[in-house]
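Since the structure comes first, as structure tokens, the remarks are kept for the end.
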Amino acid sequence: DLIEFSPRLVADITNKVESFSVTKTLSDLGTHSMPTGTLLASTGSVSLFDDELSFNENNPFNSETNQGSIISQYSNSRIKFLFYDIIKNVNSYDYYIPIKTLYSERIPQVSDTAASINFDLRDLFFLLESKKSPELLLTNVSLSYAITVLLDSIGFSNYTFKRTEEDEELIIPFFFVGPDQNIAETLQQLAISSQSAMFFNEYNDLVVMSKNYLMPSATARPTD
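Going by the working numbering, the sequence shown opens with residue 1, and the numbers climb by one from there.
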């Protein structure tokens with residue numbers, strides 16, 4: 001497990017992890033007959049034994065005494081957790097296989113003594129929920145263009161489209177986005193109307209996958 005507090009501050013906290021869980025959600029088959037037409041958040045949790053009071057806001061770093069935690073000031077912010085499977089010493093190399101990237105949802109309860117702390121985690125879906133959709137009326141636009149306009153409006157560029165070669169992209173005669181919608185709600189409506197699967201992958205890319213790509217015929221594409 002790696003923990004990222006800022007683009008320049010990353011720590012390996014594997015030896016502090018007591019337990020963790022990751023649930024990667026593609027769809028809810030309880031409400032849908034196929035794993036398409038939805039955009040859902042993946043979730044998880046991690047329990048750490050904070051023996052050095054690293055996450056305690058009452059333990060700030062003191063440069064004069066060289067004591068305290070250099071990360072306590074970030075404990076009130078969203079913390080980015082990167083989970084990996086590590087395969088060690090394969091021909092003298094260690095391979096890091098990404099499992100999921102998640103973010104802390106709330107400030108955990110801490111004490112002034114060494115203790116376990118628990119983080120509830122969620123993927124980057126929270127960003128789409130927090131950003132308002134632009135009000136739009138576009139005519140005869142492709143699905144990929146509509147999604148690109150939405151995501152570009154919030155400065156999000158980590159997305160990818162997956163279709164089979166035989167797939168013809170959906171053309172939307174009238175793409176209307178009214179007031180008081182967030183990006184997640186608009187994408188969910190597009191997923192329903194196009195029967196696409198939308199989810200965040202292990203690298204935090206938003207993947208938009210056509211139904212035929214997700215559930216291909218034997219000749220459409222090779223599966224792995």
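Where a beta carbon is used, it is the ideal one built from N, C-alpha and C, also for glycine. Just so we're clear, the structure is a prediction, and the values are computed from it rather than from any experiment.
Can you tell me where the beta strand (DSSP E) with residue i in it begins and where it stops?
i, result
"Lys162", "159-162"
"Leu121", "115-122"
"Thr101", "93-104"
"Asn89", "80-90"
"Asp174", "In the sequence as displayed, the identity of residue 174 is Phe instead of Asp. Looking at the DSSP string, the run of the beta strand (DSSP E) that includes Phe174 is 171-177."
What residues in its chain sit with their C-beta under 7 Å from that of residue i, if we drop five residues either side in the sequence?
i, result
"Arg106", "Asp120"
"Ile154", "Lys131, Ile183"
"Tyr96", "Tyr84, Ile86"
"Ala220", "Thr164, Glu166, Asn212"
Looking at the structure shown, is residue i part of a helix, part of a strand, or coil, going by DSSP?
i, result
"Ile154", "coil"
"Tyr203", "coil"
"Thr223", "coil"
"Lys16", "helix"
"Asn212", "helix"
"Thr226", "As displayed, the chain neither begins before 1 nor continues past 224, which places residue 226 out of reach and without an answer."
"Ala197", "strand"
"Ser42", "coil"
"Phe126", "helix"
"Ala146", "helix"
"Ser63", "coil"
"Ser69", "strand"
Taking 7 Å as the threshold (C-beta atoms), are residue j and residue i in contact?
i, j, result
"Ser133", "Leu170", "no"
"Leu187", "Met198", "yes"
"Asn140", "Asp205", "no"
"Val207", "Thr164", "no"
"Ser77", "Phe55", "no"
"Phe49", "Lys80", "no"
"Glu202", "Pro108", "no"
"Ala146", "Phe175", "yes"
Once you ignore the five residues that flank residue i on each side, which residues in its own chain have a CB closer than 6 Å to its CB?
i, result
"Ser47", "Glu18, Ser19, Ser116, Asn118"
"Lys162", "Met209, Tyr213"
"Leu136", "Val177"
"Ser27", "Pro35, Thr38"
"Thr25", "Leu40, Ser42"
Once the 5 residues before and after residue i are set aside, which same chain residues still bring their CB inside 8 Å of it?
i, result
"Pro60", "Gly68, Ser69, Ser72, Gln73"
"Asp123", "Ala41, Ser42, Thr43, Lys100, Thr101, Leu102, Tyr103, Phe200, Asn204"
"Pro173", "Thr139, Asn140"
"Ser196", "Thr36, Gly37, Leu143, Leu190, Val208, Met209, Ser210, Lys211"
"Asp94", "Ile86, Ile87, Lys88"
Identify the continuous alpha helix (DSSP H) that holds residue i and give its terminal residues.
i, result
"Thr186", "183-194"
message = Count Cβ pairs between the region 182-192 and the region 31-49 that sit closer than 8 Å; are there 3 or more?
response = yes
ask   = Can you find at least 3 beta carbon pairs, one from the region 172-183 and one from the region 123-133, that sit closer than 8 Å?
value = yes
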